[in-house]
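If you read the protein sequences in the order shown, they are chains A and B. Under the numbering used here, think of the first position of the first sequence as 84, with each following residue one higher. Under the numbering used here, think of the first position of the second sequence as 84, with each following residue one higher.
Protein chains: 2
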Amino acid sequence: MRILDTKSFSVPGFKAWGIHCGIKKTDKKDLALIYSDREAAVAGVFTKNRVKAACVLLDAAKAKSGKGQVMVANSGCANACTGKRGLADARATADIAARELGVPPASVYVASTGVIGEFLPLQKLESGIVTAAGLLSPAGWEQAAEAIMTTDLYPKLSIVQEEIGGKTVTVAGIAKGSGMIHPDMATMLCFIMTDAAIAAPLLKKCLLSSVETSFNSITVDGDTSTNDMILCMANGAAGNKRIAAGTKEQKKFQACLDAVTRSLARQVVRDGEGATKFVEIVVRGAKNPAEAKRAAVTVAKSSLVKTALFGEDANWGRIMAALGYSGVDMDESRTDISIGKAKLVEKGLGQGKAADREASLALKQREVQITIDLHKGKAEATIWTCDLSNEYIKINAAYRS
Amino acid sequence: MRILDTKSFSVPGFKAWGIHCGIKKTDKKDLALIYSDREAAVAGVFTKNRVKAACVLLDAAKAKSGKGQVMVANSGCANACTGKRGLADARATADIAARELGVPPASVYVASTGVIGEFLPLQKLESGIVTAAGLLSPAGWEQAAEAIMTTDLYPKLSIVQEEIGGKTVTVAGIAKGSGMIHPDMATMLCFIMTDAAIAAPLLKKCLLSSVETSFNSITVDGDTSTNDMILCMANGAAGNKRIAAGTKEQKKFQACLDAVTRSLARQVVRDGEGATKFVEIVVRGAKNPAEAKRAAVTVAKSSLVKTALFGEDANWGRIMAALGYSGVDMDESRTDISIGKAKLVEKGLGQGKAADREASLALKQREVQITIDLHKGKAEATIWTCDLSNEYIKINAAYRS
Numbered sequence: 084m085r086i087l088d089t090k091s092f093s094v095p096g097f098k099a100w101g102i103h104c105g106i107k108k109t110d111k112k113d114l115a116l117i118y119s120d121r122e123a124a125v126a127g128v129f130t131k132n133r134v135k136a137a138c139v140l141l142d143a144a145k146a147k148s149g150k151g152q153v154m155v156a157n158s159g160c161a162n163a164c165t166g167k168r169g170l171a172d173a174r175a176t177a178d179i180a181a182r183e184l185g186v187p188p189a190s191v192y193v194a195s196t197g198v199i200g201e202f203l204p205l206q207k208l209e210s211g212i213v214t215a216a217g218l219l220s221p222a223g224w225e226q227a228a229e230a231i232m233t234t235d236l237y238p239k240l241s242i243v244q245e246e247i248g249g250k251t252v253t254v255a256g257i258a259k260g261s262g263m264i265h266p267d268m269a270t271m272l273c274f275i276m277t278d279a280a281i282a283a284p285l286l287k288k289c290l291l292s293s294v295e296t297s298f299n300s301i302t303v304d305g306d307t308s309t310n311d312m313i314l315c316m317a318n319g320a321a322g323n324k325r326i327a328a329g330t331k332e333q334k335k336f337q338a339c340l341d342a343v344t345r346s347l348a349r350q351v352v353r354d355g356e357g358a359t360k361f362v363e364i365v366v367r368g369a370k371n372p373a374e375a376k377r378a379a380v381t382v383a384k385s386s387l388v389k390t391a392l393f394g395e396d397a398n399w400g401r402i403m404a405a406l407g408y409s410g411v412d413m414d415e416s417r418t419d420i421s422i423g424k425a426k427l428v429e430k431g432l433g434q435g436k437a438a439d440r441e442a443s444l445a446l447k448q449r450e451v452q453i454t455i456d457l458h459k460g461k462a463e464a465t466i467w468t469c470d471l472s473n474e475y476i477k478i479n480a481a482y483r484s
Numbered sequence: 084m085r086i087l088d089t090k091s092f093s094v095p096g097f098k099a100w101g102i103h104c105g106i107k108k109t110d111k112k113d114l115a116l117i118y119s120d121r122e123a124a125v126a127g128v129f130t131k132n133r134v135k136a137a138c139v140l141l142d143a144a145k146a147k148s149g150k151g152q153v154m155v156a157n158s159g160c161a162n163a164c165t166g167k168r169g170l171a172d173a174r175a176t177a178d179i180a181a182r183e184l185g186v187p188p189a190s191v192y193v194a195s196t197g198v199i200g201e202f203l204p205l206q207k208l209e210s211g212i213v214t215a216a217g218l219l220s221p222a223g224w225e226q227a228a229e230a231i232m233t234t235d236l237y238p239k240l241s242i243v244q245e246e247i248g249g250k251t252v253t254v255a256g257i258a259k260g261s262g263m264i265h266p267d268m269a270t271m272l273c274f275i276m277t278d279a280a281i282a283a284p285l286l287k288k289c290l291l292s293s294v295e296t297s298f299n300s301i302t303v304d305g306d307t308s309t310n311d312m313i314l315c316m317a318n319g320a321a322g323n324k325r326i327a328a329g330t331k332e333q334k335k336f337q338a339c340l341d342a343v344t345r346s347l348a349r350q351v352v353r354d355g356e357g358a359t360k361f362v363e364i365v366v367r368g369a370k371n372p373a374e375a376k377r378a379a380v381t382v383a384k385s386s387l388v389k390t391a392l393f394g395e396d397a398n399w400g401r402i403m404a405a406l407g408y409s410g411v412d413m414d415e416s417r418t419d420i421s422i423g424k425a426k427l428v429e430k431g432l433g434q435g436k437a438a439d440r441e442a443s444l445a446l447k448q449r450e451v452q453i454t455i456d457l458h459k460g461k462a463e464a465t466i467w468t469c470d471l472s473n474e475y476i477k478i479n480a481a482y483r484s
């Protein structure tokens with residue numbers, strides 16, 4: 084597998100663009116269009132929040148067909164909690180794009196992110212879609228990635244290539260974060276494009292597996308959004324023999340997909356609202372994988388742990404306390420905790436000032452690893468998170484104004 | 084029931100005092116002593132965190148006897164994650180107090196709050212206990228309440244009186260917060276003293292009921308501590324006929340206990356780390372009481388809701404999103420949300436700018452009420468919480484330094 088420079092991001096058979104159409108009050112881009120020159124196999128993963136935005140309701144129904152060709156995504160307005168009018172607006176958005184691009188409305192997916200409870204400005208969207216359709220380009224991905232940003236500081240792209248079935252297959256994706264980020268899932272939009280030939284059911288299976296160790300393994304603030312979605316389009320332009328289940332081709336494709344989703348998930352955390360640190364939390368020795376993940380997520384979500392990370396304070400007691408209330412099987416007197424290479428805690432006991440000092444140095448880095456061994460079994464999980472800073476408060480206390 | 088001024092806090096048969104013995108680096112008080120002049124019935128509620136401080140392990144075992152006479156509490160060092168030495172230190176603390184006050188060690192309970200993973204300075208504690216024992220006073224409660232503070236800004240006391248069984252019975256308590264505050268339970272110490280005559284098993288029953296709607300209905304940051312405890316001593320000095328189960332005397336006593344625990348719980352939230360607002364979240368129309376509470380707690384814990392409250396932004400979409408991921412049975416199109424008297428959302432839809440403006444005014448107050456009606460059933464729950472401010476980050480990023 085080759086990891087490509089995102090500057091040369093391009094996927095055979097796909098075009099994209101992003102513009103400012105007037106949803107955001109600033110002049111920042113707020114409308115992205117992604118287009119496949121032929122019908123593609125489609126697989127989607129949608130938020131598990133019971134309150135689902137109109138676009139989520141619409142796309143989840145469309146994705147059952149396993150087919151699609153176009154994605155229209157806007158930022159600045161979530162079109163969530165907007166009732167029947169919201170659903171009609173989402174349908175109208177798809178209809179406009181279908182008309183402009185000459186595809187059936189059933190082939191057009193829509194995605195929104197932004198403030199909840201406000202209606203889409205349909206007229207602005209319409210003229211925006213007309214403009215963007217005229218500008219669609221095989222090299223328009225940075226523009227598209229920018230146009231789905233909300234409080235994100237930079238666009239998120241990832242692209243890899245691999246020989247699959249004798250052909251060069253490209254797997255690529257763009258994503259946005261960056262608050263309301265939590266497993267199952269995030270205020271997170273992610274669009275993955277590949278020219279691989281693969282049937283929709285197998286694509287869905289690969290996507291679900293990939294999401295588990297990427298987007299469902301990150302947390303910024305523990306809030307699960309109404310609008311999260313990951314949509315993957317595979318248009319077969321690579322001309323490979325269709326990937327079959329259980330083959331080494333599937334394995335290779337899965338590896339590519341995993342590389343893209345994990346890269347994007349890490350970028351989302353790195354750009355978490357107010358984040359000053361990227362934190363990897365590894366829990367080992369749990370009784371089973373579910374408990375490993377639960378323990379890691381509980382530590383990652385603790386406001387006290389996150390503020391200690393921001394303060395570069397090796398306050399391991401807060402980690403131990405979080406493990407204690409995580410509900411997983413653990414025993415303080417067996418638990419080890421390391422920050423970076425510093426073993427701070429062995430069998431439940433602090434290892435003194437030298438270990439503390441070493442951990443403090445590790446905490447001064449931009450990337451921090453916390454390793455916990457529960458010594459209760461063999462299961463392991465990794466969660467990525469960030470610290471909780473003044474800046475998070477500042478961003479979220481003033482988000483709508 | 085009469086609610087008394089805490090300035091005249093006094094409970095027949097009890098004495099207390101608080102001093103600085105040198106655990107804290109500043110000159111703030113860090114050791115409290117509470118003494119009953121006769122053996123009292125004792126009931127306790129302890130943290131459900133699997134990682135329990137030494138004092139919690141010790142007291143939970145002692146409380147099974149239903150008897151006790153003395154409480155020694157220190158702040159500045161949690162004596163948690165300290166293994167066998169920690170347990171020996173907790174025992175030694177009780178032994179010192181027992182010797183000084185001439186009671187059996189089994190009658191002495193200990194409590195600690197502060198940094199996890201550090202050992203108690205036993206020599207300082209010993210001389211502190213000797214000094215405090217000499218200063219014990221029927222009017223020493225403000226000193227004791229101050230001595231259990233950590234990041235608390237002010238001491239928390241509550242006292243009520245009621246005629247029970249022909250006698251005036253006093254129920255009073257002191258408590259400390261103020262980070263790691265979350266149902267089941269809080270970094271929270273609470274000591275309740277009453278001169279009522281009541282047997283330990285009934286006292287325990289009353290205490291458990293009272294805790295459910297007070298300390299288990301508050302959340303500051305969602306972190307459950309290793310050291311939480313509520314200990315209630317009833318010494319019978321009022322001379323009332325022993326309160327029997329199922330009588331109107333029990334009801335009266337329960338009402339007194341509820342008044343004290345609810346007052347202290349509200350004080351803990353009001354003094355939450357960095358709190359600028361006291362927020363009451365009422366969920367109505369839930370399918371059952373457990374779902375009502377879960378919905379309210381989820382909203383109360385959401386970092387996005389809490390930062391919006393800090394920013395005085397009527398961003399109800401975040402409330403709806405939190406309800407959506409709370410896991411309770413809800414339907415966006417039935418849900419109503421009010422802030423203060425402003426009905427912001429009816430049947431899932433925003434009610435426009437006038438409602439927004441009214442809610443914004445309500446959010447400028449120091450006390451805010453959010454009312455949610457799920458229209459799914461008849462159950463109701465109330466949770467008290469505070470906002471999430473820059474100050475919380477500042478306090479917790481630098482707590483140990």
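Cβ coordinates follow ideal geometry from the N, Cα and C atoms, glycine included.
Any Cβ of chain B closer than 8 Å to the Cβ of W467 (chain A) would place that residue at the interface, and such an atom is absent.
With the rule of 3 Cβ pairs closer than 8 Å, the segment 346-362 of chain B counts as touching the segment 446-453 of chain B. Judged by DSSP in its simplified three-state form, G400 (chain B) adopts helix.
If you check the CB distance, F393 (chain B) and L471 (chain B) come in under 8 Å. Under the Cβ criterion of 8 Å, C339 (chain A) is not counted among the residues facing chain B. Around I476 (chain B), the beta-carbon contacts reaching into chain A at under 7 Å are T390, F393, L471, S472, N473 and I476. Under the rule that a run must span 3 or more residues, the beta strand (DSSP E) segments found entirely inside the segment 89-162 of chain A read 97-102, 114-129 and 150-160. Using a CB distance cut-off of 8 Å, D396 (chain B) counts as an interface residue toward chain A.
Residues of chain B with a Cβ closer than 9 Å to the Cβ of L141 (chain A) do not exist; the shortest Cβ-Cβ separation is about 15 Å. Taking the Cα positions, E209 (chain B) is about 24 Å away from M276 (chain B). Three or more beta-carbon pairs separated by less than 8 Å link the segment 132-140 of chain A to the segment 405-419 of chain B, which places the two stretches in contact. Interface with chain A (8 Å Cβ-Cβ cutoff): R417 (chain B) is excluded. K167 (chain B): member of the alpha helix (DSSP H) spanning G166 to L184, first to last residue. Taking CB atoms only, N479 (chain B) has a neighbour in chain A less than 8 Å away.
Residues of chain A with a Cβ closer than 7 Å to the Cβ of G101 (chain B) do not exist; the shortest Cβ-Cβ separation is about 24 Å. Against N132 (chain B), the close residues of chain A are A404, G407 and Y408, in the order they occur along the chain (beta-carbon pairs closer than 8 Å). Contact between the segment 317-334 of chain A and the segment 290-298 of chain A is not established, with fewer than three Cβ pairs separated by less than 8 Å. T454 (chain A) is not a Cβ neighbour of V388 (chain A), given a cutoff of 8 Å. Between L170 (chain B) and L141 (chain B), the gap from beta carbon to beta carbon is short of 8 Å.
Taking a C-beta cut-off of 7 Å against chain B, the contacting residues of the segment 419-453 of chain A are G431, L432 and G433, listed in chain order. T309 (chain A) is not a Cβ neighbour of A123 (chain A), given a cutoff of 8 Å. In this structure, the beta-carbon distance from A222 (chain A) to I257 (chain A) does not fall below 8 Å. For K335 (chain B), the enclosing alpha helix (DSSP H) starts and ends at K331 to R353. In the assembly as shown, I102 (chain B) is a buried residue. Its beta-carbon has 16 or more other beta-carbons within 10 Å.
Under the Cβ distance rule, V252 (chain A) does not count among the residues neighbouring chain B, no pair being separated by less than 8 Å.
In the three-state reduction of the DSSP assignment, L203 (chain A) falls in the coil class. Around the beta-carbon of P238 (chain A), 16 or more other beta-carbon atoms lie within 10 Å, marking it buried. Residue environment for D88 (chain B): exposed (fewer than 16 other C-beta atoms within 10 angstroms of its C-beta). For K430 (chain B), the secondary structure class from DSSP, reduced to helix, strand or coil, is coil. Assigned with DSSP and collapsed to three states, Y192 (chain A) falls in strand.
The alpha-carbon of A279 (chain B) is positioned some 35 Å away from that of A379 (chain B). Taking 8 Å as the cut-off, the beta carbon of A177 (chain B) is found closer than this to the beta carbon of V155 (chain B). The count of Cβ pairs closer than 8 Å, one atom from the segment 396-412 of chain A and one from the segment 189-204 of chain B, reaches three, so the stretches are in contact. With its beta carbon at least 8 Å from every one in chain B, I364 (chain A) lies outside the interface. DSSP lists no bridge partner for T390 (chain B). By the CB criterion at 8 Å, A115 (chain B) and C315 (chain B) fall outside the cutoff.
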